[in-house]
Structure formats: C-alpha cells, structure tokens
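Asker: Can you read through this structure? Questions will come right after.
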Amino acid sequence: TPSPHLAPRCGSNIVTCDFASYRAPAAVCGRLMDILGDPATRITEIGGVTAQCYTASDGGKCCISWSRRVAGLRVEMLFGAAVEMMRQCARDGRVSGMAMDVDLAGVCTVQCLSGREGGCRE
C-alpha cells in the first residue's frame, strides 16, 4: 500500500528572526498590538492595504506587514503570527521577524513584524 502524501498546510506560521535589519522597538510593537487588539479595532476590514503601523512619540516605529493584498482581511487575523514573532524574535528590546505560511482570510502569505511597512515578500 503506498503511503499517503500530506499536502503542506497553510497556517503553520513558520517564524524566521532577523536580529540585524529593520528591528523595531519591542515596546512599540506591543503598543501596536494593543491598539489593533482593541475590540473596536479588531474587526476593521483592511483588505486594501499590506501594512498596519504605529509610530511612538519618540519616533520609534513598528509595522505588521504582509506580502500581498487580501480581500476580507480583518485586523484580528494578524495576531497569531505577530504574537509568535514577538515571542521568538524579541531580543535586547527590539524585534524583527518573518512568518511563512500564514493564513490570512484563506490566502497563504508571508507576514512580517519590523520597523518598516514595505519589504515583506514571499
């Protein structure tokens, strides 16, 4: 009997950290996640953009970005991969990471957490 082949599943959120480039202040990323996690914000539809950013009063900037536009995307869908990147990639008060195989509204894509809003590519 041949063994069954399993198709790769989207949604695995495989994280790679970047400890050198585009590192954002972890506290600013935490604040961004607080703002996006507010019940009034969570269900906001953001299908026409590829980043959500927050800039602190001291100029520190953090962005959650993704590699392509996703119809029907809501803010709350960004949290799973963002939390994993914060958990795995925060070092010395700064964070930068990329998650592969992220499921955003049924679209398999790449999601990033860093100090820039562009550059998150598949």
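Residue 1 is where the sequence shown starts when you use the UniProt record's numbering, and the numbers rise one by one after that. Built from N, CA and C at the ideal position, the CB exists for glycine as well.
(1) Runs of 3 residues minimum, wholly inside the region 11-99: which ones carry the beta strand (DSSP E) assignment?
(2) Residues in the same chain with beta-carbon distance under 7 Å from E84, minus the five sequence neighbours each way, listed in chain order, please.
(3) Roughly how many whole angstroms lie between the Cα atoms of A56 and R121?
(4) Any chance the region 15-26 sits against the region 36-50, with 3 or more Cβ pairs inside 8 Å?
(5) Quick test of your reading: A105 and G72, contact by CB under 8 Å. State the CB separation rounded to the nearest angstrom.
Answerer: Taking the structure as given:
(1) 14-17, 51-55, 61-66
(2) N13, V15, A99
(3) 25 Å
(4) no
(5) 5 Å
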